[in-house]
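Colleague: This is the structure, below, for whatever I ask next.
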Amino acid sequence: ISMMKWLTDRCSKVKYVLKVDDDMFVNMQHITDFSETRNFNKCIIGKLAKKWKPHRNTNNKWYVPSRAFNGTTFPTFATGPAYMISGDAAQPLYETSIKERPMYLEDVYMTGIVAEKAGIRRLNHAMFRNTHIKNIDECVFRRVMTSHKHTPQDIRRLWALVYQQPQKICSTPAPPKTVKPSAVANNAGAVKPPQPSVTVANKNVTKSLPPAASG
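With the UniProt record's numbering applied, the sequence shown corresponds to residues 1 to 215, in that order.
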(Lines of atoms letter the chains of each structure in order from A and count residues from 1; the text may use other names and numbers.)
(Lines give C-alpha, C1' and ligand atoms only; values in the text may rest on other atoms or scores of the structure.)
Protein backbone atom coordinates (compact mmCIF):
# COMPACT_ATOMS: atom_id res chain seq x y z
CA ILE A 1 0.00 0.00 0.00
CA SER A 2 2.82 2.38 0.91
CA MET A 3 4.50 1.69 -2.44
CA MET A 4 1.31 2.61 -4.31
CA LYS A 5 1.02 5.81 -2.26
CA TRP A 6 4.67 6.73 -2.95
CA LEU A 7 4.18 6.17 -6.68
CA THR A 8 0.99 8.22 -6.66
CA ASP A 9 2.58 11.12 -4.78
CA ARG A 10 6.09 11.17 -6.25
CA CYS A 11 6.34 9.16 -9.45
CA SER A 12 2.94 9.23 -11.14
CA LYS A 13 4.29 9.76 -14.68
CA VAL A 14 6.50 6.66 -14.79
CA LYS A 15 5.57 4.14 -17.50
CA TYR A 16 6.15 0.91 -15.54
CA VAL A 17 7.35 -0.11 -12.08
CA LEU A 18 9.01 -3.49 -11.45
CA LYS A 19 8.36 -5.12 -8.09
CA VAL A 20 10.92 -7.87 -7.44
CA ASP A 21 12.14 -9.98 -4.50
CA ASP A 22 15.82 -9.94 -3.58
CA ASP A 23 16.35 -13.60 -4.47
CA MET A 24 15.39 -13.11 -8.12
CA PHE A 25 17.51 -13.16 -11.25
CA VAL A 26 16.22 -10.37 -13.50
CA ASN A 27 17.06 -10.19 -17.19
CA MET A 28 17.17 -6.41 -17.47
CA GLN A 29 17.53 -6.45 -21.24
CA HIS A 30 14.14 -8.13 -21.61
CA ILE A 31 12.59 -5.83 -19.01
CA THR A 32 13.94 -2.78 -20.84
CA ASP A 33 12.86 -4.08 -24.25
CA PHE A 34 9.35 -4.73 -22.97
CA SER A 35 8.99 -1.33 -21.31
CA GLU A 36 10.22 0.47 -24.43
CA THR A 37 8.09 -1.42 -26.95
CA ARG A 38 4.83 -2.32 -25.18
CA ASN A 39 2.24 0.24 -24.13
CA PHE A 40 -0.36 -1.00 -21.69
CA ASN A 41 -2.49 1.20 -19.45
CA LYS A 42 -3.81 0.43 -15.98
CA CYS A 43 -2.42 -3.07 -15.83
CA ILE A 44 -0.29 -5.50 -13.85
CA ILE A 45 2.03 -7.79 -15.84
CA GLY A 46 3.60 -11.02 -14.60
CA LYS A 47 3.03 -14.72 -14.02
CA LEU A 48 -0.67 -15.04 -13.31
CA ALA A 49 -2.20 -17.46 -10.83
CA LYS A 50 -5.74 -18.47 -11.69
CA LYS A 51 -8.35 -20.14 -9.49
CA TRP A 52 -6.00 -20.59 -6.54
CA LYS A 53 -7.77 -21.48 -3.31
CA PRO A 54 -6.92 -20.07 0.13
CA HIS A 55 -5.21 -22.39 2.63
CA ARG A 56 -7.39 -22.92 5.69
CA ASN A 57 -4.94 -25.14 7.61
CA THR A 58 -3.50 -23.06 10.46
CA ASN A 59 -0.16 -24.88 10.16
CA ASN A 60 0.31 -23.80 6.54
CA LYS A 61 2.76 -20.97 5.80
CA TRP A 62 0.13 -19.27 3.63
CA TYR A 63 -2.82 -19.79 5.98
CA VAL A 64 -5.67 -17.37 5.31
CA PRO A 65 -8.47 -17.15 7.89
CA SER A 66 -12.02 -16.71 6.67
CA ARG A 67 -12.22 -13.31 8.34
CA ALA A 68 -9.41 -12.10 6.01
CA PHE A 69 -10.90 -13.65 2.87
CA ASN A 70 -14.17 -15.55 2.97
CA GLY A 71 -14.29 -16.60 -0.68
CA THR A 72 -13.46 -20.07 -1.96
CA THR A 73 -11.19 -18.93 -4.82
CA PHE A 74 -8.83 -15.97 -5.08
CA PRO A 75 -9.26 -13.52 -7.96
CA THR A 76 -6.65 -13.94 -10.69
CA PHE A 77 -3.42 -12.38 -9.38
CA ALA A 78 0.24 -11.92 -10.34
CA THR A 79 2.55 -14.15 -8.30
CA GLY A 80 4.66 -12.14 -5.90
CA PRO A 81 8.33 -12.80 -6.73
CA ALA A 82 8.23 -10.35 -9.65
CA TYR A 83 5.65 -8.34 -11.56
CA MET A 84 5.32 -5.01 -13.34
CA ILE A 85 2.74 -2.31 -12.70
CA SER A 86 1.92 0.41 -15.19
CA GLY A 87 2.42 3.83 -13.63
CA ASP A 88 -1.19 4.90 -14.14
CA ALA A 89 -2.40 1.90 -12.11
CA ALA A 90 -0.78 3.11 -8.88
CA GLN A 91 -3.38 5.70 -7.91
CA PRO A 92 -6.49 3.53 -8.40
CA LEU A 93 -4.73 0.65 -6.61
CA TYR A 94 -3.86 2.89 -3.67
CA GLU A 95 -7.29 4.52 -3.45
CA THR A 96 -9.00 1.13 -3.55
CA SER A 97 -6.59 -0.52 -1.10
CA ILE A 98 -7.31 1.94 1.72
CA LYS A 99 -10.96 0.87 1.57
CA GLU A 100 -10.25 -2.88 1.64
CA ARG A 101 -9.39 -5.12 4.57
CA PRO A 102 -5.60 -5.70 4.46
CA MET A 103 -4.13 -9.17 3.92
CA TYR A 104 -0.54 -10.25 4.50
CA LEU A 105 -0.41 -12.08 1.14
CA GLU A 106 0.72 -9.00 -0.78
CA ASP A 107 0.40 -10.51 -4.26
CA VAL A 108 -3.09 -11.91 -3.69
CA TYR A 109 -4.23 -8.72 -1.99
CA MET A 110 -2.81 -5.99 -4.22
CA THR A 111 -2.68 -7.67 -7.64
CA GLY A 112 -5.78 -9.80 -7.16
CA ILE A 113 -8.41 -8.52 -4.73
CA VAL A 114 -7.60 -4.81 -4.96
CA ALA A 115 -6.79 -4.88 -8.69
CA GLU A 116 -10.09 -6.53 -9.55
CA LYS A 117 -12.12 -4.02 -7.55
CA ALA A 118 -10.12 -1.14 -9.05
CA GLY A 119 -10.68 -2.40 -12.60
CA ILE A 120 -6.96 -3.02 -13.22
CA ARG A 121 -6.19 -5.58 -15.93
CA ARG A 122 -3.82 -8.45 -15.16
CA LEU A 123 -1.62 -9.58 -18.05
CA ASN A 124 0.14 -12.94 -18.13
CA HIS A 125 3.61 -12.84 -19.68
CA ALA A 126 5.29 -16.19 -20.33
CA MET A 127 8.81 -14.83 -19.74
CA PHE A 128 8.08 -14.12 -16.07
CA ARG A 129 9.28 -17.42 -14.62
CA ASN A 130 8.56 -16.95 -10.93
CA THR A 131 9.80 -20.44 -10.10
CA HIS A 132 13.34 -21.71 -9.65
CA ILE A 133 15.18 -22.70 -12.83
CA LYS A 134 17.81 -25.26 -11.82
CA ASN A 135 19.59 -25.55 -15.15
CA ILE A 136 22.25 -22.82 -15.00
CA ASP A 137 22.63 -22.32 -18.72
CA GLU A 138 23.02 -19.00 -20.51
CA CYS A 139 20.67 -19.99 -23.33
CA VAL A 140 17.90 -20.80 -20.83
CA PHE A 141 18.32 -17.55 -18.92
CA ARG A 142 18.48 -15.42 -22.05
CA ARG A 143 14.87 -16.43 -22.74
CA VAL A 144 13.33 -15.42 -19.42
CA MET A 145 12.67 -12.16 -17.62
CA THR A 146 12.87 -13.58 -14.11
CA SER A 147 13.76 -16.71 -12.15
CA HIS A 148 13.17 -17.27 -8.43
CA LYS A 149 15.09 -18.56 -5.39
CA HIS A 150 18.66 -17.74 -6.36
CA THR A 151 21.50 -16.99 -3.96
CA PRO A 152 23.63 -13.87 -4.48
CA GLN A 153 26.32 -16.20 -5.83
CA ASP A 154 23.85 -17.66 -8.34
CA ILE A 155 22.82 -14.20 -9.50
CA ARG A 156 26.43 -13.07 -10.01
CA ARG A 157 27.18 -16.24 -11.96
CA LEU A 158 24.08 -15.84 -14.12
CA TRP A 159 24.86 -12.18 -14.76
CA ALA A 160 28.33 -13.16 -15.98
CA LEU A 161 26.93 -15.94 -18.18
CA VAL A 162 24.21 -13.83 -19.78
CA TYR A 163 25.93 -10.44 -20.09
CA GLN A 164 29.67 -10.47 -19.51
CA GLN A 165 31.01 -13.52 -21.33
CA PRO A 166 31.17 -13.87 -25.12
CA GLN A 167 27.77 -15.12 -26.18
CA LYS A 168 27.39 -18.49 -27.77
CA ILE A 169 24.76 -19.05 -30.44
CA CYS A 170 21.67 -20.61 -28.90
CA SER A 171 19.10 -22.59 -30.81
CA THR A 172 15.87 -20.74 -31.52
CA PRO A 173 13.06 -21.88 -29.19
CA ALA A 174 9.73 -22.96 -30.61
CA PRO A 175 7.52 -19.83 -30.62
CA PRO A 176 4.11 -19.76 -28.92
CA LYS A 177 1.22 -20.91 -31.08
CA THR A 178 -0.07 -17.35 -31.38
CA VAL A 179 3.24 -16.13 -32.81
CA LYS A 180 4.39 -16.77 -36.37
CA PRO A 181 7.77 -18.60 -36.44
CA SER A 182 10.38 -15.91 -36.97
CA ALA A 183 13.64 -14.75 -35.48
CA VAL A 184 16.01 -11.88 -35.98
CA ALA A 185 19.78 -12.26 -35.65
CA ASN A 186 21.42 -9.58 -33.56
CA ASN A 187 24.82 -8.05 -34.23
CA ALA A 188 26.61 -10.60 -32.07
CA GLY A 189 25.35 -13.45 -34.22
CA ALA A 190 23.04 -14.84 -31.56
CA VAL A 191 19.41 -15.40 -32.44
CA LYS A 192 16.82 -13.29 -30.69
CA PRO A 193 13.61 -15.29 -30.09
CA PRO A 194 10.28 -13.68 -30.90
CA GLN A 195 8.56 -12.10 -27.94
CA PRO A 196 5.70 -14.25 -26.65
CA SER A 197 2.15 -13.08 -26.69
CA VAL A 198 0.59 -11.59 -23.60
CA THR A 199 -2.67 -12.83 -22.10
CA VAL A 200 -5.07 -10.47 -20.34
CA ALA A 201 -7.16 -11.38 -17.31
CA ASN A 202 -9.89 -8.92 -16.41
CA LYS A 203 -12.28 -10.51 -13.98
CA ASN A 204 -13.44 -13.65 -15.80
CA VAL A 205 -12.45 -12.56 -19.32
CA THR A 206 -9.21 -13.82 -20.87
CA LYS A 207 -7.89 -13.04 -24.33
CA SER A 208 -4.58 -13.00 -26.15
CA LEU A 209 -2.85 -9.83 -27.25
CA PRO A 210 -0.57 -9.74 -30.30
CA PRO A 211 3.17 -10.01 -29.63
CA ALA A 212 5.54 -7.10 -30.02
CA ALA A 213 7.70 -7.03 -33.11
CA SER A 214 11.23 -8.38 -32.68
CA GLY A 215 14.23 -6.49 -33.90
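Built from N, CA and C at the ideal position, the CB exists for glycine as well.
1) Which ranges would you report for the beta strand (DSSP E) in the stretch 111-174 if only whole runs of at least 3 residues count?
2) From 9, 80, 88, pick the residue whose C-alpha is nearest to that of residue 41; which is it?
3) For residue 84, does the count of other Cβ atoms within 10 angstroms reach 16, so buried, or fall short, so exposed?
4) If you count every other CB in all the chains shown that lies within 10 Å of the CB of residue 36, and 16 or more means buried, which is it?
5) Are there 16 or more other CB atoms within 10 angstroms of the CB of residue 27, so buried, or fewer, so exposed?
6) Decide if the stretch 58-71 is in contact with the stretch 101-114; the criterion is three or more beta carbon pairs, one per stretch, under 8 angstroms apart.
7) Please tell me whether, using a cut-off of 6 angstroms, the distance from the CB of residue 47 to the nearest non-hydrogen atom of the ligand ATP is below it.
8) Output the distance between the C-alpha atoms of residue 142 and residue 162, rounded to the nearest integer angstrom.
9) What span of residues does the beta strand (DSSP E) with residue 79 cover, start to end?
10) Report the partner residues of residue 11 according to the DSSP bridge assignment.
11) Provide the residue(s) that pair with residue 18 in DSSP beta bridges, ordered along the chain.
12) Report all residues from its chain with a CB closer than 8 angstroms to the CB of residue 205; omit the five preceding and five following residues, and keep chain order.
13) Return yes when the Cβ of residue 31 is within less than 7 angstroms of the Cβ of residue 145, no when it is not.
14) Which stretch, first to last residue, makes up the beta strand (DSSP E) that contains residue 93?
15) Report yes if the C-beta distance between residue 78 and residue 122 is below 7 angstroms; otherwise report no.
16) So the candidates are 53, 133, 92, 38; which of them puts its Cα closest to the Cα of residue 75?
Modeller: Here's the rundown:
1) 121-125
2) Along the sequence shown, read from residue 1 onward, the residue named residue 41 stands at position 41. If we check each option's Cα against that of residue 41, 88 comes out closest.
3) Along the sequence shown, one-based indexing puts residue 84 at 84. Answer is buried; the Cβ neighbour count reaches 16.
4) As a first step, residue 36 must be located in the sequence shown, where it is residue number 36. By the neighbour-count rule (16 or more Cβ atoms within 10 Å), residue 36 is not buried but exposed.
5) Reading the sequence shown from its first residue, position 27 is the one you call residue 27. The residue in question, residue 27, is buried, as its Cβ has 16 or more Cβ neighbours within 10 Å.
6) yes
7) With respect to small molecules bound, the structure shown includes none, and the ligand ATP cannot be examined in it.
8) Here the question's residue 142 lines up with position 142 in the sequence shown. Here the question's residue 162 lines up with position 162 in the sequence shown. Distance between the alpha carbons of residue 142 and residue 162 is about 6 angstroms.
9) Walking along the sequence shown from the start, residue 79 turns up at place 79. That run of the beta strand (DSSP E) goes 77-86.
10) Residue mapping note: residue 11 aligns to position 11 of the sequence shown, counting from 1. DSSP, once it has assigned bridges, lists no residue as partnering residue 11.
11) Within the sequence shown, residue 18 is the residue found at index 18, counting from 1. Answer is 84, bridged to residue 18.
12) Within the sequence shown, the letter at position 205 stands for residue 205. Reliability fails at residue 205, whose pLDDT of 40 lies under 50, so the model's placement of it is uncertain and the value that follows must be treated cautiously. Counting only Cβ-Cβ distances below 8 angstroms, and skipping sequence neighbours, we find nothing.
13) Against the sequence shown, residue 145 aligns to sequence position 145. Against the sequence shown, residue 31 aligns to sequence position 31. Going by C-beta atoms, residue 145 is nearer than 7 angstroms to residue 31.
14) Your numbering for residue 93 matches position 93 in the sequence shown. From DSSP, residue 93 is part of no beta strand (DSSP E) but of the alpha helix (DSSP H) over 90-97.
15) As a first step, residue 78 is located in the sequence shown; it is residue number 78 there, counting from the start. As a first step, residue 122 is located in the sequence shown; it is residue number 122 there, counting from the start. Result yes, Cβ atoms of residue 78 and residue 122 sit closer than 7 angstroms.
16) Along the sequence shown, one-based indexing puts residue 75 at 75. Of the candidates 53, 133, 92, 38, the one whose C-alpha sits nearest the C-alpha of residue 75 is 53.
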